[in-house]
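Reminder that position 138 of the sequence shown reads as 415 in this note's numbering, one-by-one numbering, no gaps. Cβ coordinates follow ideal geometry from the N, Cα and C atoms, glycine included. One structure is given below, encoded as structure tokens.
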Amino acid sequence: MLSNFYVEQHVKNALQEDIGFGDVTTESILTENNIFNAKLTSRVDGIVCGLEVFKTVFKVLSDSVEVNLLFKDGDEIKKGDVLATLKGPGKYLLLGERVSLNYIQRMSGIATETHKYQQAIGDLPCKIVDTRKTTPNFRAFEKYAVKCGGGALHRFNLSDCAMIKDNHIKVAGSVTNAVKMVKANLSHAHKLELECDTLEQVKEALPLGVDIIMLDNMSLDEMKEGVKLINHKAIVEASGNVKLNNIRQIAECGVDIISSSAIVANAPALDLGLDM
Numbered sequence: 278m279l280s281n282f283y284v285e286q287h288v289k290n291a292l293q294e295d296i297g298f299g300d301v302t303t304e305s306i307l308t309e310n311n312i313f314n315a316k317l318t319s320r321v322d323g324i325v326c327g328l329e330v331f332k333t334v335f336k337v338l339s340d341s342v343e344v345n346l347l348f349k350d351g352d353e354i355k356k357g358d359v360l361a362t363l364k365g366p367g368k369y370l371l372l373g374e375r376v377s378l379n380y381i382q383r384m385s386g387i388a389t390e391t392h393k394y395q396q397a398i399g400d401l402p403c404k405i406v407d408t409r410k411t412t413p414n415f416r417a418f419e420k421y422a423v424k425c426g427g428g429a430l431h432r433f434n435l436s437d438c439a440m441i442k443d444n445h446i447k448v449a450g451s452v453t454n455a456v457k458m459v460k461a462n463l464s465h466a467h468k469l470e471l472e473c474d475t476l477e478q479v480k481e482a483l484p485l486g487v488d489i490i491m492l493d494n495m496s497l498d499e500m501k502e503g504v505k506l507i508n509h510k511a512i513v514e515a516s517g518n519v520k521l522n523n524i525r526q527i528a529e530c531g532v533d534i535i536s537s538s539a540i541v542a543n544a545p546a547l548d549l550g551l552d553m
């Protein structure tokens, strides 16, 4: 879940960026005495996410705006559904319109895209997970959206989990060197993941006791062989060139996790509108 204090501070910064020293258009037309009703409506089918963040935008602007949420995060929505109703001074409804939509459209788009990928995996015991390819300073919201869409989360940041990638292996000299160096400096509370580009690296990794082995940019046949080699000695993650039309085939290789930046980086904003 997103912490209230974190969301509120983030929203304040977003409003400061958008409003600056004042809305020269709205403040020329409306005062706090002009009361209006508005509704948040979906123009497409999808998964909604970010309703409480949407509500927080208006809470920060004014206590006089009433927001009634009609759905909850993670719900499937249909075109034409009214997701929330609002009542309050039109000045604040217009001040918060763009920022509130920016949050909920982006988050709902990610939740919807994640849902598509997880649905494509179907009944197989495998989860789609995100990566660190996120929008700077918006990661918490994007990862929350992945969860709402039915996906799971990879590490939040570099301090969560040790992850040895191809460039680490190059500078360390070998898989074995890299693993030994990281293990010598690792807390008991951290897991260790190793990215393998070849089956030879997988074989080298097996006696080293890593927790997670990533099969990176491998063919389906190579992934199947990698799963056999690992044989439950580590969690198996597949990554690289993951698309909606091939994720089921990747899952059928027997991997535990499929990581992809596409569910966040390529997710289009969900088309929602705030109508007075």
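Are residue i and residue j closer than 7 angstroms when you measure CB to CB?
{"i": "Cys530", "j": "Leu497", "result": "yes"}
{"i": "Asp352", "j": "Val325", "result": "yes"}
{"i": "Ser516", "j": "Met491", "result": "yes"}
{"i": "Ser536", "j": "Glu514", "result": "yes"}
{"i": "His431", "j": "Thr408", "result": "yes"}
{"i": "Met384", "j": "Phe418", "result": "yes"}
{"i": "Asp533", "j": "Ile512", "result": "yes"}
{"i": "Ala291", "j": "Glu390", "result": "no"}
{"i": "Val406", "j": "Ala429", "result": "yes"}
Taking residue i and residue j to be in contact with their CB atoms under 8 angstroms, please state how far apart those CB atoms are, rounded to whole angstroms.
{"i": "Leu363", "j": "Val334", "result": "The pair is not a contact, with the Cβ atoms about 11 angstroms apart (cut-off 8 angstroms)."}
{"i": "Lys356", "j": "Val321", "result": "5 angstroms"}
{"i": "Ala388", "j": "Lys316", "result": "Ala388 to Lys316, Cβ: 21 angstroms. No contact."}
{"i": "Thr318", "j": "Gly550", "result": "5 angstroms"}
{"i": "His465", "j": "Cys438", "result": "His465 to Cys438, Cβ: 13 angstroms. No contact."}
{"i": "Gly323", "j": "Leu547", "result": "5 angstroms"}
Just the Cα atoms here: how many angstroms apart are residue i and residue j?
{"i": "Met500", "j": "Ala542", "result": "24 angstroms"}
{"i": "Arg375", "j": "Gly426", "result": "23 angstroms"}
{"i": "Val459", "j": "Asp493", "result": "20 angstroms"}
{"i": "Ile296", "j": "Lys336", "result": "16 angstroms"}
{"i": "Asp300", "j": "Lys289", "result": "15 angstroms"}
{"i": "Thr286", "j": "Asn454", "result": "In the sequence as presented, Thr is not what sits at residue 286; that position holds Gln. Roughly 43 angstroms separates the two Cα atoms."}
{"i": "Ala482", "j": "Val452", "result": "7 angstroms"}
{"i": "Glu304", "j": "Phe433", "result": "41 angstroms"}
{"i": "Val284", "j": "Thr412", "result": "16 angstroms"}
{"i": "Val423", "j": "Ile540", "result": "8 angstroms"}
{"i": "Gly386", "j": "Lys410", "result": "16 angstroms"}
{"i": "Lys442", "j": "Thr302", "result": "51 angstroms"}
{"i": "Phe298", "j": "Leu371", "result": "15 angstroms"}
{"i": "Gln293", "j": "Asn281", "result": "18 angstroms"}
Short of 8 angstroms in beta carbon distance, which residues of its chain neighbour residue i, apart from the five on each side in sequence? Order them along the chain.
{"i": "Pro366", "result": "Leu307, Thr308, Glu309, Asn310, Asn311, Ile312, Phe313, Ser339, Ser341 and Val342"}
{"i": "Leu328", "result": "Leu346, Phe348, Lys349, Asp350, Leu360, Ala361 and Ile381"}
{"i": "Asn518", "result": "Asn494"}
Which of the three DSSP states, helix, strand or coil, is assigned to residue i?
{"i": "Gly297", "result": "coil"}
{"i": "Phe418", "result": "helix"}
{"i": "Asn543", "result": "coil"}
{"i": "Lys480", "result": "helix"}
{"i": "Gly572", "result": "The structure shown does not extend to residue 572, since the chain is modelled only from 278 to 553, so the question has no answer here."}
{"i": "Cys530", "result": "coil"}
{"i": "Thr391", "result": "helix"}
{"i": "Ala554", "result": "Any property of residue 554 remains undetermined from this structure, which presents the chain solely from 278 to 553."}
{"i": "Ala429", "result": "strand"}
{"i": "Lys404", "result": "strand"}
{"i": "Asn379", "result": "helix"}
{"i": "Leu370", "result": "helix"}
{"i": "Met384", "result": "helix"}
{"i": "Asp498", "result": "helix"}
{"i": "Lys520", "result": "coil"}
For residue i, which residues of its own chain have a beta-carbon under 6 angstroms away from its beta-carbon, when the five flanking residues on both sides are left out?
{"i": "Tyr421", "result": "Leu279"}
{"i": "Met440", "result": "Glu470"}
{"i": "Asp358", "result": "Ser319"}
So, is the C-beta of residue i closer than 7 angstroms to a C-beta in chain C?
{"i": "Val406", "result": "Among the chains in the structure shown there is no chain C, since it carries only a single protein chain."}
Under 7 angstroms Cβ to Cβ from residue i, same chain only, skipping five residues before and after it: list those, please.
{"i": "Gln478", "result": "Val452"}
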